[in-house]
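Quick note on UniProt numbering: the sequence shown kicks off at 1 and runs consecutively.
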Amino acid sequence: MEFERFDTDGDGLLTAAEIRQANQALGGLGASESEIEAFIAGADSDGDGRIGLEEFAALVGGGRHEQA
Ligand SMILES: [Ca+2]
């Protein structure tokens, strides 16, 4: 799952730093601090300032695995 790739320290939460790295790994040109903050604010349903697995799954579509 993408989440595990992005969670570089394996603590089950994506911090701003991990999200920035993920953005760059996906070919982004580098998100600004405000873009990272806006991303977290939009996804952070429990308000802890980090993106948990459930929040990430909701963001990317519920974590369904479609078989091609
Ligand atoms: Ca982490």
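Idealized CB from N, CA, C, for every residue including glycine.
Inclusion of Ile51 and Ala43 in the CB contact set at 8 Å is warranted, their separation being smaller than that value. Nearest to Glu35 by C-alpha distance, out of Asn23, Gly27, Asp46, is Asn23. For the pair Gly47 and Glu55, the Cα-to-Cα distance works out to about 11 Å.
In this structure, DSSP gives Leu29 a state outside helix and strand, which the three-state scheme calls coil. Around the beta carbon of Leu29, a 10 Å sphere encloses fewer than 16 other beta carbons of the protein chains shown; the residue is thus reported as exposed.
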